[in-house]
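Read through the structure below, which is laid out as structure tokens, and then see the notes.
There are 2 protein chains.
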Amino acid sequence: MEKLENYYNQIKNSPVFFGMNDEELKGLLECFNARVRRYEKDEMIIRQGDLISNIYLILKGEVNIEKDSYWGRRIIIARLGKNDNLALSFVGSKNVESNIDAVTVSDTLVLVLGYEKCTSMCQNACTRHKILINNLFQILSKENIELIQKIENVSQKTIRDKLLTYLSNEAQKKHSNSFEIQFNRQDLADYLNVDRSAMSFELSKLQKEGLIEYNKNKFELKS
Amino acid sequence: MEKLENYYNQIKNSPVFFGMNDEELKGLLECFNARVRRYEKDEMIIRQGDLISNIYLILKGEVNIEKDSYWGRRIIIARLGKNDNLALSFVGSKNVESNIDAVTVSDTLVLVLGYEKCTSMCQNACTRHKILINNLFQILSKENIELIQKIENVSQKTIRDKLLTYLSNEAQKKHSNSFEIQFNRQDLADYLNVDRSAMSFELSKLQKEGLIEYNKNKFELKS
DNA sequence: ACATTTCTGTTGTTTATACAACAAAAAATA
DNA sequence: TATTTTTTGTTGTATAAACAACAGAAATGT
Numbered sequence: 001m002e003k004l005e006n007y008y009n010q011i012k013n014s015p016v017f018f019g020m021n022d023e024e025l026k027g028l029l030e031c032f033n034a035r036v037r038r039y040e041k042d043e044m045i046i047r048q049g050d051l052i053s054n055i056y057l058i059l060k061g062e063v064n065i066e067k068d069s070y071w072g073r074r075i076i077i078a079r080l081g082k083n084d085n086l087a088l089s090f091v092g093s094k095n096v097e098s099n100i101d102a103v104t105v106s107d108t109l110v111l112v113l114g115y116e117k118c119t120s121m122c123q124n125a126c127t128r129h130k131i132l133i134n135n136l137f138q139i140l141s142k143e144n145i146e147l148i149q150k151i152e153n154v155s156q157k158t159i160r161d162k163l164l165t166y167l168s169n170e171a172q173k174k175h176s177n178s179f180e181i182q183f184n185r186q187d188l189a190d191y192l193n194v195d196r197s198a199m200s201f202e203l204s205k206l207q208k209e210g211l212i213e214y215n216k217n218k219f220e221l222k223s
Numbered sequence: 224m225e226k227l228e229n230y231y232n233q234i235k236n237s238p239v240f241f242g243m244n245d246e247e248l249k250g251l252l253e254c255f256n257a258r259v260r261r262y263e264k265d266e267m268i269i270r271q272g273d274l275i276s277n278i279y280l281i282l283k284g285e286v287n288i289e290k291d292s293y294w295g296r297r298i299i300i301a302r303l304g305k306n307d308n309l310a311l312s313f314v315g316s317k318n319v320e321s322n323i324d325a326v327t328v329s330d331t332l333v334l335v336l337g338y339e340k341c342t343s344m345c346q347n348a349c350t351r352h353k354i355l356i357n358n359l360f361q362i363l364s365k366e367n368i369e370l371i372q373k374i375e376n377v378s379q380k381t382i383r384d385k386l387l388t389y390l391s392n393e394a395q396k397k398h399s400n401s402f403e404i405q406f407n408r409q410d411l412a413d414y415l416n417v418d419r420s421a422m423s424f425e426l427s428k429l430q431k432e433g434l435i436e437y438n439k440n441k442f443e444l445k446s
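Quick mapping for you: the protein sequence lines, in order, are chains A and B. Note that my numbering has the first sequence beginning at 1, numbered continuously upward. Note that my numbering has the second sequence beginning at 224, numbered continuously upward.
Next comes the structure, spelled out in structure tokens:
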């Protein structure tokens, strides 16, 4: 069993609790009945159809937001990591079932917060709750922008354009033409919605043409 | 010049101001320096690169959320209408430039609210602001879920699957197998990221096979 | 160090889509 | 009503991607 205390500092500095003092944070964690849960690789934290009433904060590890298409093809919507939240939007939209799976990519620790119970108790009256909802609003905003960017990535017509758009966006995020990506080839293909082998082929073509250089997960944009 | 008063009831019942009494709403509208703005068909309300500090509420008309791809292809991310908000996520993420265009599809009236100014004034202290931020959180949640659904639609492999996924999702939204869609053929193609003529062809094939029936914008799912 | 599994790149073939060009229908305008 | 413009459907062709099958490299486990 993992102890919450071990992660206290990390929690305190996470976007969810940003701007709170120790007193507010401790009160909130208690009110939320906060607990740490451990998942192994390839476990499902959330399934399509689940009704979500908890806020999940990733303390350690990586999680895929996925969807299985009608005939079993996997769609990766996003890859989340440390300090990211899971399925916040389903907490905000009450009584809406999850339309995604959250699947661990590696061993993962998650902070689980009983959002529903807490909000009904304190009626949004306390200061800490006011800070919290402000933070949640900002977090969702960011998620929204990320989703739009993902739509841009997958909406390109050719594999080449998808790759170039994705890589440019990553470079911009990392503020450098040289960066590591979070996906392996198969996952990147599922994220961009293309065939892995065709994508591999296109990657090496881009390298031969001198547009990019890469080695494993390390990429560099030339030009 | 359009008068705000003419739309007062609609504004009062919009999701942004849901749950407020008249006093709170009036105070907020004043604090926001609320004003109605008119746009003609094909005008741009928001451009890529804009810094957004206003909340936009559509009172009348329709608006496309679009993105122009590198080589001039148009991507329609969403079609918004009455009581929808524009670019809320850019208000939530401060100092982030818009990565989308908002373009009117028809003559449109928009309520513009100076969010920045208001929040700095009342420091989130007043009740009405608390209700507001709660509402905004919920609205963003819904937007988020819609974006995920859009990703599902465009992530299908074939035109046929994109169409079937899109139409099923619409049927579910409208709670009926018979429904109207908001797009004309070209716009639907830009939304699903496919060639219009190929899509038209696939539509008639689906009709011949008896899977769907349609006439102009009216569709029916058979099975 | 070896065996096994996972990951990545390469190639040929089949299939689906984009693209272009056009015709018919519908809508808008004079 | 006639004319013009916009929208939609149809077809053939060129192109790009999916798929399958495989080989080598890298990572993992024993």
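Cβ coordinates follow ideal geometry from the N, Cα and C atoms, glycine included. Only a predicted model underlies this, so the values are computations on that prediction, with no experimental measurement involved.
- Non-local C-beta neighbours of B:N376 in its own chain, meaning closer than 7 Å and more than five positions away in sequence, comprise K385, T388, Y389, N392, L415, ordered along the chain.
- Scanning the stretch 86 to 170 of chain A from its first residue to its last, the whole alpha helix (DSSP H) runs of 4-plus residues come out as 88 to 92, 115 to 122, 127 to 154.
- In summary, A:F137 is buried, with 16 or more beta-carbon neighbours lying within 10 Å of its beta-carbon over all protein chains present.
- Under the Cβ distance rule, B:G315 counts among the residues neighbouring chain A, one pair being separated by less than 7 Å.
- Cβ-Cβ distances below 8 Å link B:N322 to Q271, K290 in the same chain, with the five nearest sequence neighbours on each side left out; the list follows chain order.
- Separation of the CB atoms of B:I368 and A:S93 is rounded to 6 Å, and the pair is thereby assigned contact status at 8 Å.
- In this model, A:D107 and B:L280 are separated by some 43 Å (Cα to Cα).
- The beta carbon of B:F406 lies closer than 7 Å to those of R302, Y414 in the same chain, with the five residues before and after it left out.
- The beta carbon of B:T342 sits closer than 8 Å to those of H352, all from its chain and outside the five residues before and after it, given in chain order.
- Counting the other CB atoms within 10 Å of its CB gives B:G242 a total below 16, which places it among the exposed residues.
- DSSP places A:R79 in the strand class (E or B) of the three-state scheme.
- The continuous beta strand (DSSP E) containing A:D68 extends over residues 63 to 68.
- Under a criterion of Cβ atoms nearer than 8 Å, the residues of chain B adjacent to A:F137 are, in order, G315, I356, L359, F360, L363.
- In the structure shown, A:F183 adopts coil according to DSSP, grouped into three states.
- Scanning chain A for C-beta atoms nearer than 7 Å to the C-beta of B:N322 yields I145, I148, Q149, reported in chain order.
- Classified as buried, B:E366 has 16 or more neighbouring CB atoms from the shown chains inside 10 Å of its CB.
- Less than 7 Å divides the Cβ of A:K41 from the Cβ of A:T104.
- Look at B:S312: its C-beta is under 7 Å from a C-beta on chain A.
- For A:F32, the closest of A:H175, A:E43, A:V16, A:Y39 by C-alpha to C-alpha distance is A:V16.
- In the structure shown, B:N438 adopts extended strand secondary structure according to DSSP, grouped into three states.
- Taking a Cβ-Cβ cut-off of 7 Å, A:Q186 has no neighbours in chain B, whose nearest Cβ is about 16 Å from it.
- In its chain, beyond the 5 residues on either side, R351 have a beta carbon closer than 6 Å to the beta carbon of B:E247.
- Along the stretch 275 to 303 of chain B, going in chain order, the ones with a CB nearer than 9 Å to a CB of chain A are I288, K290, S292, Y293, W294, R296, I298, I300.
- In chain order, S292 make up the part of chain B whose C-beta sits under 7 Å from the C-beta of A:Q156.
- With a threshold of 7 Å between beta carbons, A:E209 makes no contact with chain B.
- At a cut-off of 7 Å between beta-carbon atoms, A:N177 makes no contact with chain B.
- Check the Cα spacing between A:E2 and each of A:F179, A:V112, A:E62: the tightest is with A:V112.
- The beta carbon of B:A394 lies closer than 7 Å to those of N400, F402, L444 in the same chain, with the five residues before and after it left out.
- DSSP places A:K208 inside the alpha helix (DSSP H), whose first and last residues are 196 to 208.
- In this structure, DSSP gives A:E2 a state outside helix and strand, which the three-state scheme calls coil.
- In this structure, the beta-carbon distance from A:L140 to A:L88 falls below 7 Å.
- With at least 16 other beta carbons inside 10 angstroms of its own, B:N287 counts as buried.
- Annotation: Cβ neighbours of A:N193 in chain B (cutoff 7 Å, chain order): S378.
- Closer than 7 Å to the CB of B:E375 there is at least one CB belonging to chain A.
- In the DSSP assignment, B:K283 falls within the beta strand (DSSP E) that extends over 277 to 283.
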